[in-house]
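Our numbering numbers the first residue of the sequence shown as 110 and each following residue consecutively. Note that CB positions come from ideal geometry on N, CA and C, so glycine has one too. Data block below; observations after.
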Amino acid sequence: SLLYETIQKLKLNEPLESLGLSASQRHTALGLIIAKALAPSSEASALGWLQETSGTGELLGANFTNVSLNTLYRTDDLLYKHKDALEAYLYHTQMSHFDCEETITLYDLTNTYFEGEAKAAPKAKRGRSKEKRSDAPLVTLAVVLDGSGFVKHSEIFAGNVSESQTLEA
Numbered sequence: 110s111l112l113y114e115t116i117q118k119l120k121l122n123e124p125l126e127s128l129g130l131s132a133s134q135r136h137t138a139l140g141l142i143i144a145k146a147l148a149p150s151s152e153a154s155a156l157g158w159l160q161e162t163s164g165t166g167e168l169l170g171a172n173f174t175n176v177s178l179n180t181l182y183r184t185d186d187l188l189y190k191h192k193d194a195l196e197a198y199l200y201h202t203q204m205s206h207f208d209c210e211e212t213i214t215l216y217d218l219t220n221t222y223f224e225g226e227a228k229a230a231p232k233a234k235r236g237r238s239k240e241k242r243s244d245a246p247l248v249t250l251a252v253v254l255d256g257s258g259f260v261k262h263s264e265i266f267a268g269n270v271s272e273s274q275t276l277e278a
């Protein structure tokens, strides 16, 4: 697939390995990235897609039939733990591939709400919802794009933060 070739071209396996992920964790991480990009959904749906529909396992040399949902959640946690390092690696790799000039062109915010109370998500707070969901806890998502449209940085803020408080951070 084109996404698999892009992952190969960006050598995404290298930073995953340097961050200490085992071969199995790297396969699961790459499988999860592909699943989320091609069939955006929950982890349970992503796992079903990897196990029953996709040939991603064959491309990666991985067997997803014995991967559990908990393994996907732990992999998500690992990717998030290393988000800044992975984001920096991808940004600098893209910049070198496309010989782009480094500029900041766009800073944008959006928010998303949780169904339920989201008690396990400390950043989930009630605030001004763009979807008019003041009844639900929110998180605010921020992204900085360069002049070529590549993500330079992203951040998740508490749902009750004002937009002006996010730019400095």
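Here Asp217 carries a strand assignment [DSSP, helix/strand/coil].
If you check the CB distance, Glu264 and Ala251 come in under 8 Å. The Cβ atoms of Leu178 and Glu152 lie closer than 8 Å to each other. A Cβ-Cβ distance of about 6 Å is found for the pair Gly256 and Glu210, placing them in contact under the 8 Å criterion. Taken in chain order, the complete alpha helix (DSSP H) segments of 4 residues or longer contained in the region 118-193 are 122-127, 132-147, 152-157, 165-169 and 178-190. Excluding its 5 nearest sequence neighbours in each direction, Ala171 has C-beta neighbours in its own chain below 7 Å: His136 and Gly140, listed in chain order. Close CB contacts of Leu169 within its chain, under the 7 Å cut and outside five residues either way in sequence, are with His136, Leu139 and Gly140 (chain order).
For Tyr113, the closest of Ser127, Trp158 and Gly164 by C-alpha to C-alpha distance is Gly164. With respect to the 8 Å criterion, Ser238 and Asn220 are classified as neighbours on the basis of their beta carbons. Here Ala227 carries a coil assignment [DSSP, helix/strand/coil]. In the assembly as shown, Val270 is a buried residue. Its beta-carbon has 16 or more other beta-carbons within 10 Å.
In this chain, the alpha helix (DSSP H) harbouring Glu272 covers Glu272 to Leu276. Going by C-alpha positions, Leu215 is about 32 Å away from Glu226. When the five nearest sequence neighbours on each side are left out, the beta carbons in the same chain lying within less than 7 Å of the beta carbon of Gln134 are those of Thr184 and Leu187, in order along the chain.
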